[in-house]
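Residue 129 is where the sequence shown starts when you use my numbering, and the numbers rise one by one after that.
This report refers to the structure that appears directly beneath it.
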Amino acid sequence: MVVSQEAGQYDKVQAQEKWQAFWEEDETFRPRDDGSRERRYVLDMFPYPSGDLHMGHAEAYAMADVIARYWRLKGYDVMHPIGWDSFGLPAENAAIKADTHPATWTYNNIETQARSFKRYGLSFDWSRRLHTSDEDYYKWTQWLFTRFYERGLAYRKDSFVNWCPKDQTVLANEQVVDGRCERCKTEVTKRKLNQWYFKITEYAEQLLDDMTQLEGGWPDHVLAMQRNWIGRSEGAHVDFRVEGRGEPITVFTTRPDTLFGATFMVVAPDAPLAAELVTDEQRPAFETYLEQVKKETEIERQSTERVKTGVWLGRSAINPVNGEEIPIWAADYVLADYGTGAIMAVPAHDQRDLDFARQYGLPVRTVIDVDGTDPADTGIATSGDGAYVNSGPLTGLADKASGVARIIAQLEADGLGTGTIQYRLRDWLLSRQRFWGCPIPVVHCDTCGEVPVPDDQLPVRLPDLRGAALAPKGTSPLAAATDWVATTCPTCHGPAKRDTDTMDTFVDSSWYFFRYCSPGYDKGPFDPEDVRRWMPVAQYVGGVEHAILHLLYMRFFSKVLRDMGLVDFDEPMLRLLNQGQVINQGKAMSKSLGNGVDLGKQIDEYGVDAVRLTMVFAGPPEDDIDWADLSPASSLKFLQRAYRIASDVASPVNADVTAGDAALRKVTHKSIADVSMLIESGRFNVAVARVMELVNATRKAIDGATGPADPAVREAATFVAQALSVVAPYVAEEMWEVLGHAPSVASSAWPVADPALTADDTVTMVVQIQGKIRAKIDVPAAIAEDEALALALADAGVQRSLDGREVAKVIARLPKMLSLVPR
Numbered sequence: 129m130v131v132s133q134e135a136g137q138y139d140k141v142q143a144q145e146k147w148q149a150f151w152e153e154d155e156t157f158r159p160r161d162d163g164s165r166e167r168r169y170v171l172d173m174f175p176y177p178s179g180d181l182h183m184g185h186a187e188a189y190a191m192a193d194v195i196a197r198y199w200r201l202k203g204y205d206v207m208h209p210i211g212w213d214s215f216g217l218p219a220e221n222a223a224i225k226a227d228t229h230p231a232t233w234t235y236n237n238i239e240t241q242a243r244s245f246k247r248y249g250l251s252f253d254w255s256r257r258l259h260t261s262d263e264d265y266y267k268w269t270q271w272l273f274t275r276f277y278e279r280g281l282a283y284r285k286d287s288f289v290n291w292c293p294k295d296q297t298v299l300a301n302e303q304v305v306d307g308r309c310e311r312c313k314t315e316v317t318k319r320k321l322n323q324w325y326f327k328i329t330e331y332a333e334q335l336l337d338d339m340t341q342l343e344g345g346w347p348d349h350v351l352a353m354q355r356n357w358i359g360r361s362e363g364a365h366v367d368f369r370v371e372g373r374g375e376p377i378t379v380f381t382t383r384p385d386t387l388f389g390a391t392f393m394v395v396a397p398d399a400p401l402a403a404e405l406v407t408d409e410q411r412p413a414f415e416t417y418l419e420q421v422k423k424e425t426e427i428e429r430q431s432t433e434r435v436k437t438g439v440w441l442g443r444s445a446i447n448p449v450n451g452e453e454i455p456i457w458a459a460d461y462v463l464a465d466y467g468t469g470a471i472m473a474v475p476a477h478d479q480r481d482l483d484f485a486r487q488y489g490l491p492v493r494t495v496i497d498v499d500g501t502d503p504a505d506t507g508i509a510t511s512g513d514g515a516y517v518n519s520g521p522l523t524g525l526a527d528k529a530s531g532v533a534r535i536i537a538q539l540e541a542d543g544l545g546t547g548t549i550q551y552r553l554r555d556w557l558l559s560r561q562r563f564w565g566c567p568i569p570v571v572h573c574d575t576c577g578e579v580p581v582p583d584d585q586l587p588v589r590l591p592d593l594r595g596a597a598l599a600p601k602g603t604s605p606l607a608a609a610t611d612w613v614a615t616t617c618p619t620c621h622g623p624a625k626r627d628t629d630t631m632d633t634f635v636d637s638s639w640y641f642f643r644y645c646s647p648g649y650d651k652g653p654f655d656p657e658d659v660r661r662w663m664p665v666a667q668y669v670g671g672v673e674h675a676i677l678h679l680l681y682m683r684f685f686s687k688v689l690r691d692m693g694l695v696d697f698d699e700p701m702l703r704l705l706n707q708g709q710v711i712n713q714g715k716a717m718s719k720s721l722g723n724g725v726d727l728g729k730q731i732d733e734y735g736v737d738a739v740r741l742t743m744v745f746a747g748p749p750e751d752d753i754d755w756a757d758l759s760p761a762s763s764l765k766f767l768q769r770a771y772r773i774a775s776d777v778a779s780p781v782n783a784d785v786t787a788g789d790a791a792l793r794k795v796t797h798k799s800i801a802d803v804s805m806l807i808e809s810g811r812f813n814v815a816v817a818r819v820m821e822l823v824n825a826t827r828k829a830i831d832g833a834t835g836p837a838d839p840a841v842r843e844a845a846t847f848v849a850q851a852l853s854v855v856a857p858y859v860a861e862e863m864w865e866v867l868g869h870a871p872s873v874a875s876s877a878w879p880v881a882d883p884a885l886t887a888d889d890t891v892t893m894v895v896q897i898q899g900k901i902r903a904k905i906d907v908p909a910a911i912a913e914d915e916a917l918a919l920a921l922a923d924a925g926v927q928r929s930l931d932g933r934e935v936a937k938v939i940a941r942l943p944k945m946l947s948l949v950p951r
């Protein structure tokens, strides 16, 4: 059904075209940046140009726009920029399919999205637009990489990495979900490669501790997710001497007090340590086992359900607290990237160790008496606190803290260990074996080794590859561009080769918000003075799916930039708002399910304002929205009703509103106070409900005794236009114009509620007798105690409860409560 235009309605199509043109010519949403107003930076997580805007975009960007428009009306100088995260695999895959360059697909989609963003009425400052695939952006991504490299925060190493067989590229741990590629859902395998890493672990403690600065501004569950991912553990590094090896094996344990129960050691089969330790006699069995493990995912290896497997390495280690020889095994339940890739196994008190010990007949020794049972008999490892048994000098002690402290002191005195803190967080794997990304600015020289490309030679530009040349081959397509790879060493000027990996696109999105502060700046990634004026970001809006990946990485980048002296704060985003998903019929929208909703068609039928209003009114921003339960047609009807109110106003622009109808003015000023409070607290849907109530009250006043010429009607309609401008900007501009005000409503000043008009005339007073509610009486807000008592005593319910008894004591919390204590 197509909604037809009726008499007295605003023309939604004409309004959209008219005000888009006005905002662009007027530069309505470009900040002054002159110090005349307090600055506030509102930021959306910038989009990937995978196609036109969809329903998820419609919700997310509407939420941020409410905040940006509201703060502008409140008198702040607001910066609300837009750009595109424009490198990445989808563009490359599309280019292979279409036999073209990824830039063609990317920039065509960017222009499509830009037109849709403008149509959607978003208050962006388009002068700050950026694309991460532009040379004048990725030049500075490379510059930052070089600075990280100089500080020892970018390095290469050989390691087993997550490999996506479909996309033919490595994945960071954070990009593997349930053993599958986050993007294409292909099962991830392991592959040994030489890769680039950022040393994010260097900042683990700061990333954890500084979250106290975000409490109250970020959702609690996001902070919890980051804390869990960083995973701070207190314990000890313990050295186990190994026969025939000069260096001991160091393991980390959170329970050094259980060392007397360590009866064997386990090494990850894919850790270099395992290949070094295995004896010649055991090597064939070990190598066969290693090939088997390589086929397993990390999820499978860590599963508590599956049978544990392993192979003895033919070596023994010495338990440092009792001198016992314990066998060293390789087993798949230990991962290579956990600590040194080795653990001490205490089977009595760890279920995985116990399962392995029972599988291979290894000894089990209880060292903490938790419940009197013996795990060797029950097959159930005991955890928790209890008295130490079979633990040398700790035997009989029942205090865990003392036990841990005594063992650490003994290890440190003997030179066999130290108390330490370890983190679950692993360094950020940033190499990608694909073309459409920022080239790593390093050359490899046989004489000089790794040499960063000098700053004056940046950017290292991508060569012109397209179509079949981009097809994944297990190595980067750049490796086949031999003319591009061959270069000259900046140090010795001899022949060298360019690095052929590109950077993870999360590198690009870890600093884009700084660049928005300095569009076009050519002396660095940004002007530090610009950043000082605008940052930290006052409000960040985006999906909770980025709680670990993007949000953790951008916090890391910000701390490094702080240590470089480029910024002067710890955290870049003061407040975070996560919007929910837009689903349909109870499920995520999907072509295969046939429940997709086309945003463009919804806008064509109902208009931008109705779609935006529907999104905002559907529920709290963080909740999922089921489009099947919503009605943009109803939203459009309400907007037309609001527009007719403005059209009906008959008083002059300069009318004295104080002479208007008192009852309507009270409703208006209570609405101003409520809507302000609700927007500031993020309850946008309830704010819309208050505006709807005001529209209803104003309609009744116009149609009743008050009439359209009363100045109170003008005051109400004026605020309705301002309040709607943050949600439904086109109809608001039309209302503002019809009311006789100069454009634009977006540049008007948010009204201040008159306290005299927001005060309640009457309040419901609760009357209690001996703590039980006996009456609820509407009383004047300024009621005196003697008046309140007289009204209470006159109430039939109070009289029945007192049953003739006198009141011995009155406790008054007026006007809301009166408590009577009878004799």
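Quick reminder that beta carbons are idealized off the backbone N, C-alpha and C, glycines included.
Because the structure is a prediction, the values reported are computed rather than measured.
query, result
"Check for me: the alpha helix (DSSP H) holding Gln270 runs from which residue to which?", "263–278"
"Using a Cβ-Cβ cut-off of 6 angstroms (strictly less than) and excluding sequence neighbours within five positions of Ala222, which residues of its own chain qualify?", "Trp233"
"Hey, how far is the Cα of Trp878 from the Cα of Glu915?", "39 angstroms"
"Asp478: which of Leu677, Glu540, Ala533, Thr386 sits nearest, CA to CA?", "Thr386"
"For Pro836, which residues from the same chain have a beta carbon less than 7 angstroms from its beta carbon, with the 5 sequence-adjacent residues on both sides left out?", "Asp776, Val777, Ala778, Ile830"
"Leaving out the 5 sequence neighbours to the left and right, which residues in its chain are closer than 7 angstroms to Val421 when beta-carbon positions are compared?", "Pro397, Asp398, Asp460"
"Which residue spans inside the region 828–882 form an unbroken alpha helix (DSSP H) run of at least 4?", "839–853, 857–866"
"Trp612 by DSSP, collapsed to three states: which one?", "helix"
"Kindly indicate which residue of Met393, Ile508, Thr382 has the alpha-carbon position closest to the one of Pro376.", "Met393"
"Taking contact to mean at least 3 C-beta pairs separated by less than 8 angstroms, is the region 709–717 in contact with the region 677–685?", "no"
"To which residues of the same chain is Ser255 closer than 8 angstroms at the C-beta, ignoring the five residues directly before and after it?", "Glu155, Arg158, Pro647"
"Quick check on Asp205 - is its C-beta less than 7 angstroms from some C-beta in chain C?", "Protein chains in the displayed structure number just one, and chain C is not present."
"Assuming Glu362 and Ser444 are in contact, meaning their beta carbons sit under 8 angstroms apart, how far apart are those beta carbons, in whole angstroms?", "The Cβ separation is near 29 angstroms, so there is no contact."
"For the beta strand (DSSP E) containing Gln296, name the first residue and the last one.", "No beta strand (DSSP E) holds Gln296; DSSP gives it neither H nor E."
"Between which residues of its own chain and Leu885 is the CB-CB distance below 7 angstroms, once the five residues before and five after are set aside?", "Arg793, Lys794, His797"
"Which one of Asp691, Asp751, Glu404, Met701 has the shortest CA to CA distance from Gly708?", "Asp751"
"Taking the straight line between their C-alpha atoms, what separation do you get for Leu689 and Asp264?", "19 angstroms"
"In three-state terms, what does DSSP make of Gly648?", "coil"
"Mind checking whether Glu220 and Trp564 have CB atoms under 7 angstroms apart?", "yes"
"For Lys937, I'd like the list of residues in its chain whose CB is within less than 7 angstroms of its CB, leaving aside the five on either flank, ordered along the chain.", "Val949"
"At a cut of 8 angstroms, does the region 584–593 reach the region 545–559 through at least three beta carbon pairs?", "no"
"On a Cα-Cα basis, can you pick out the residue from Arg165, Glu934, Met631, Asp882 that is closest to Val570?", "Met631"
"Got a sec, what are the start and stop residues for the alpha helix (DSSP H) His349 sits in?", "348–358"
"Taking 8 angstroms as the cut-off, does the region 307–326 touch the region 340–347 (at least 3 CB pairs, one atom from each stretch)?", "no"
"Below 8 angstroms on the Cβ atoms is my guess for Asp838 versus Asp888; work out the distance and round it to an integer in Å.", "23 angstroms between Cβ atoms; not a contact."
"By Cβ distance below 8 angstroms, which residues in the same chain neighbour Thr603 in space, the five residues on each side in sequence not counted?", "Gln561, Thr628"
"Find out if the Cβ-Cβ distance for the pair Val859, Tyr138 is shorter than 7 angstroms.", "yes"
"Is Ser164 helix, strand or coil when you go by DSSP?", "coil"
"Quick one, which of Leu272, Phe288, Asn290 has its alpha-carbon nearest Ala282's?", "Leu272"
"Please state the DSSP three-state secondary structure of Asp754.", "strand"
"Helix, strand or coil for Pro503 per DSSP?", "helix"
"Going by beta carbon distance, what residues of the same chain come within less than 8 angstroms of Val823, once the five residues before and after it are set aside?", "Phe766, Arg769, Ala770, Ile773, Val848"
"May I ask you to verify whether the region 186–205 touches the region 848–857, counting CB pairs closer than 8 angstroms and requiring at least 3?", "yes"
"How do the region 200–212 and the region 138–152 stand: do at least 3 beta-carbon pairs fall below 8 angstroms, yes or no?", "no"
"Under the assumption that Ala390 contacts Leu539 (Cβ atoms under 8 angstroms), give the Cβ distance between them as a whole number of angstroms.", "That pair is no contact at about 13 angstroms."
"By Cβ distance, which residues of its chain are closer than 6 angstroms to Lys318, with the 5 residues on each side in sequence left out?", "Phe288, Lys422"
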